[in-house]
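**Q**
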Amino acid sequence: MDEPPISRGFRSRRQQQAPKNRLPPGQYVTTDFPVLSAGPTSHTRLEDWTFSIQLGGSLIGKWNWVDFETLPQTTIKTDIHCVTKWSKLDTTWQGVTFDDLLKAVGLAEPPEPYIMAHCDGAYTTNIPVKDLVDGKGMIATRYEGSPIPPVHGGPARLLVPNLYFWKSAKWVRRLRFMEEDEPGFWESLGYHIYGDPWKEQRYNGD
Amino acid sequence: MRRLEWQRAEVKKIAVETYRVKSLLLQVADWQGHLPGQHVDIRLTAEDGYQAQRSYSIASPPEDELLTLTVERVENGEVSLYLVDDLRPGDQFELRGPIGGHFVWTTATRRPLCLIAGGSGIVPLMSMLRHRDRRNRLVRALLLYSSRSLEDVIYREELDQMASRDPGLHVVNTLTRVQPAGWKGFRRRVDKEMLAEVCFPPDRNPAIFVCGSTTFVETVSQNLVGLGYEPLTIKTERFGPSGG
């Protein structure tokens, strides 16, 4: 479309302006932590929780909570960007990186280039492996030093801060390797297949 | 995949819904149509080039000629303050959509419809009720609507009229803070007992939509799960505290 219409009298009211290189286009900074989920919050008891990695038809790794907690721990401080326009700066997460999960199941290299994350509540989301390796993605179990509250995806959520935050799936229980990319839940409902906030890939075709 | 392009929307009419809520009736030249429950992104551009984007639920049914957004005035809400206080008929801004394919309902669904709204969470549910009213009233419907006071009830007259001509629609209001003299309805926050009393029972397998603030949606959806409703039949939309 041509020049956007000017809204007379409209002006920025933002008191806290983020540095330009920290805020992707169309986003604004928030200091609270909004909750967005497609259904009721899942409440999985730690004694019932398991996490697994699937390759083809078999689970190549499976942990209960106690075993998962013995895996190497990493802390990531990062900005997160939600497709609904809010961004939150300098959030701190602790958990097990994707790299360490691969090591734990004895894989030197990712066997397939895409992942589907499967979660409680039947939520799914697809992520390219390249956005998870080299310390870029983790299964997070702590937020700001404390267990992640269920509304924010606890006991464990995926963290892929490179991509819009719907990809950082709450209540994650299984990562499944895929040979080819396939759309997950929101990706089948009009949201972008990849979701790079810096390219403003919010919806299909962006 | 075809991109959702930014389009120019022109304000044809502004309707005052309550003392802090207005509806904007918009003409969008190339509107492709929407499903009840979907939302749009709008983008405002200031004289100095500053832009802000926000999402708003669509209140109108797909059958209407104009697209209606209903906007609540949020204190310090950069975009909502402008939309509610400054916008005039004839003004234009950019819009793209429709967005969201999960929190939607159409008359193709035969299961009873159970809508639970807190405050401005009524907006996407109103699109569903208007669609049902225009198209097909065969499916029984319930609206449980929580507001602070009678003055805060959005679409009050229209909901009363809809319910009075439609025996298949049951509208239940609860007023949580202030009730007028002689108020016979509920006067507390939506709780488990209220849901058990007014909702279609779980064995009727209703299609459930819950919309409101994060706290409202958390409480209601957890109570519904506790009452035995299948979690996957409960669709939620949370209006975060940082909206605006």
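Note that the protein sequences, when read in sequence, are chains A and B.
Position one of the first sequence corresponds to residue 14 (my numbering), numbered consecutively onward.
Position one of the second sequence corresponds to residue 51 (my numbering), numbered consecutively onward.
Positions of the beta carbon are idealized from the N, C-alpha and C atoms, including for glycine.
Predicted model only: the values in this text are computed from it and were never measured.
1) With a threshold of 7 Å on Cβ separation, who are the neighbours of B:V129 within its own chain once the five nearest residues in sequence on each side are excluded?
2) On the three-state DSSP scale, how would you describe A:Y156?
3) Where do the ends of the alpha helix (DSSP H) carrying B:G276 lie?
4) Using a Cβ-Cβ cutoff of 9 Å, what residues of the region 108–128 of chain B are near chain A? List them in chain order.
5) Run down chain A in chain order and give the residues with a C-beta less than 8 Å from the C-beta of B:S271.
6) Specify, as a first and last residue, the run of the beta strand (DSSP E) that B:Q211 falls within.
7) For B:G224, which residues does DSSP report across the bridge?
8) Under a Cβ-count criterion, where at least 16 other Cβ atoms within 10 Å of its own Cβ denotes burial, should B:S292 be classed as buried or exposed?
9) Which residues of chain B have a Cβ atom closer than 7 Å to the Cβ of A:R27, listed in chain order?
10) Going along the region 220–253 of chain B in order, which residues come within less than 7 Å of chain A, judged by CB to CB distance?
11) Which class does A:W99 belong to by DSSP, given the choice of helix, strand or coil?
12) Assuming B:H84 is part of the beta strand (DSSP E), what are its boundary residues?
13) Express the C-alpha separation of A:G134 and A:V185 in angstroms, rounding to a whole number.
14) For B:Y132, does the three-state DSSP call read helix, strand or coil?
15) Against chain B, does A:D61 count as a neighbour if the rule is that its beta carbon must be under 7 Å from one of theirs?
16) So for B:K72, helix, strand or coil by DSSP?
17) Taking all protein chains shown into account, decide if A:T137 is buried (16 or more other Cβ within 10 angstroms of its Cβ) or exposed.
18) For B:I284 and B:E97, what's the separation of their Cα atoms in angstroms?
19) Go through its chain and collect everything with a Cβ distance to A:K180's Cβ below 7 Å, but skip five positions before and after it.
20) Hey, does A:T222 have any beta-carbon neighbour from chain B nearer than 7 Å?
21) With A:E193 as the anchor, note down where its beta strand (DSSP E) starts and where it stops.
22) Can you check whether the CB of B:L133 is closer than 7 Å to the CB of B:V121?
23) Is it the case that the Cβ atoms of A:V48 and A:V164 are separated by a distance below 7 Å?
24) How far does the beta strand (DSSP E) with A:W76 in it reach, from first residue to last?
25) Which same chain residues end up closer than 8 Å to B:T156 when comparing Cβ atoms and leaving out the 5 residues on each side of it in sequence?
26) If we define contact as Cβ-Cβ less than 7 Å, is A:P18 a contact residue for chain B?
27) So, for A:F198: in the same chain, excluding its five sequence neighbours on each side, which residues have a beta-carbon less than 6 Å away from its beta-carbon?
28) If contacts are defined as beta-carbon pairs under 8 Å, then B:Y303 and B:N223 qualify, I think. What distance do you get, rounded to the angstrom?
29) Look at B:E287 and B:F153 and say whether their C-beta atoms are less than 7 Å apart.
30) Quick check: the region 171–180 of chain B against the region 200–218 of chain B, are there 3 or more CB pairs under 8 Å?
31) Can you check whether the C-beta of B:L76 is within less than 7 Å of a C-beta belonging to chain A?
32) What would DSSP say about A:G167, mapped onto helix, strand or coil?
33) Residues of the region 152–184 of chain B with a CB closer than 7 Å to any CB of chain A: list them in chain order, please.
34) So for B:G147, helix, strand or coil by DSSP?
**A** To lay it out plainly:
1) Within the second sequence, the letter at position 79 stands for residue 129 of chain B. So the list reads L94, A102, R104 and G294, once near-sequence residues are dropped.
2) By one-based count along the first sequence, residue 156 of chain A stands at place 143. Residue state, collapsed to three classes: strand.
3) Position 226 of the second sequence, counted from the start, is the residue given in the question as residue 276 of chain B. Counting along the chain, the alpha helix (DSSP H) containing B:G276 begins and ends at T264 to G276.
4) N126, G127 and E128
5) Counting from 1 along the second sequence, the entry for residue 271 of chain B is found at position 221. Result: G52, P53 and T54.
6) In the second sequence, the residue the question calls residue 211 of chain B occupies position 161. Per DSSP, B:Q211 is not a residue of any beta strand (DSSP E); the alpha helix (DSSP H) it occupies stretches across R206 to S214.
7) Against the second sequence, residue 224 of chain B aligns to sequence position 174. One detail in the question is off: residue 224 of chain B reads as Thr in this sequence, not Gly. DSSP links B:T224 through a beta bridge to B:S196 and B:F236.
8) One-based indexing of the second sequence puts residue 292 of chain B at position 242. Confidence at B:S292 is low in this model, with a pLDDT of 40, below 50, so its placement is unreliable and the value that follows should be read with caution. Label assigned to B:S292: buried.
9) In the first sequence, counting from the first residue as 1, residue 27 of chain A sits at position 14. Proximity of chain B to A:R27 at the Cβ level (cut-off 7 Å) is accounted for by E128, in chain order.
10) none
11) Taking the first sequence and counting its residues from 1, the one referred to as residue 99 of chain A is at position 86. Correct three-state label for A:W99: strand.
12) Numbered from its first residue, the second sequence carries residue 84 of chain B at position 34. Unbroken run through B:H84: none, as it is neither H nor E.
13) In the first sequence, residue 185 of chain A corresponds to position 172, counting from 1. In the first sequence, residue 134 of chain A corresponds to position 121, counting from 1. A straight-line Cα-Cα distance of about 10 Å links A:V185 and A:G134.
14) As a first step, residue 132 of chain B is located in the second sequence; it is residue number 82 there, counting from the start. Helix.
15) Locating residue 61 of chain A in the first sequence gives position 48, where the first residue counts as 1. False, the Cβ-Cβ gap to chain B never drops below 7 Å.
16) In the second sequence, counting from the first residue as 1, residue 72 of chain B sits at position 22. B:K72 falls in the strand class under three-state DSSP.
17) Looking up residue 137 of chain A in the first sequence gives position 124. So A:T137 ends up on the buried side.
18) Here residue 284 of chain B is taken as the residue at index 234 of the second sequence, counted from 1. Here residue 97 of chain B is taken as the residue at index 47 of the second sequence, counted from 1. Going from the Cα of B:I284 to the Cα of B:E97 covers about 43 Å.
19) Against the first sequence, residue 180 of chain A aligns to sequence position 167. T138, I140, V173 and G208, listed in sequence order.
20) In the structure displayed, chain A extends from 14 to 219; residue 222 of chain A sits before or after that span and is not available.
21) Position 180 of the first sequence, counted from the start, is the residue given in the question as residue 193 of chain A. Per DSSP, A:E193 belongs to no beta strand (DSSP E) and is neither H nor E.
22) One-based indexing of the second sequence puts residue 121 of chain B at position 71. One-based indexing of the second sequence puts residue 133 of chain B at position 83. The Cβ atoms of B:V121 and B:L133 lie closer than 7 Å to each other.
23) Your numbering for residue 48 of chain A matches position 35 in the first sequence. Your numbering for residue 164 of chain A matches position 151 in the first sequence. For A:V48 and A:V164, yes; Cβs fall inside 7 Å.
24) The sequence position of residue 76 of chain A within the first sequence is 63, counting from 1. Where A:W76 is concerned, the enclosing beta strand (DSSP E) stretches over S71 to N77.
25) For this step, residue 156 of chain B is matched to residue 106 along the second sequence. Hits under 8 Å: L85, P86 and H181.
26) By one-based count along the first sequence, residue 18 of chain A stands at place 5. True, the Cβ-Cβ gap to chain B drops below 7 Å.
27) Within the first sequence, residue 198 of chain A is the residue found at index 185, counting from 1. Within the same chain, A:F198 has close Cβ partners Y136 and T137.
28) With chain B covering 51 to 294 only, the question about residue 303 of chain B has no answer from this structure.
29) Stepping through the second sequence from its first residue, residue 287 of chain B is reached at position 237. Stepping through the second sequence from its first residue, residue 153 of chain B is reached at position 103. Closer than 7 Å, so yes.
30) yes
31) Position 26 of the second sequence, counted from the start, is the residue given in the question as residue 76 of chain B. No - not a single Cβ of chain A is within 7 Å of the one on B:L76.
32) Here residue 167 of chain A refers to the residue found at position 154 when the first sequence is read from its first residue. Three-state DSSP puts A:G167 in coil, outside helix and strand.
33) H152
34) Here the question's residue 147 of chain B lines up with position 97 in the second sequence. In the structure shown, B:G147 sits in a strand (DSSP, three-state: E or B).
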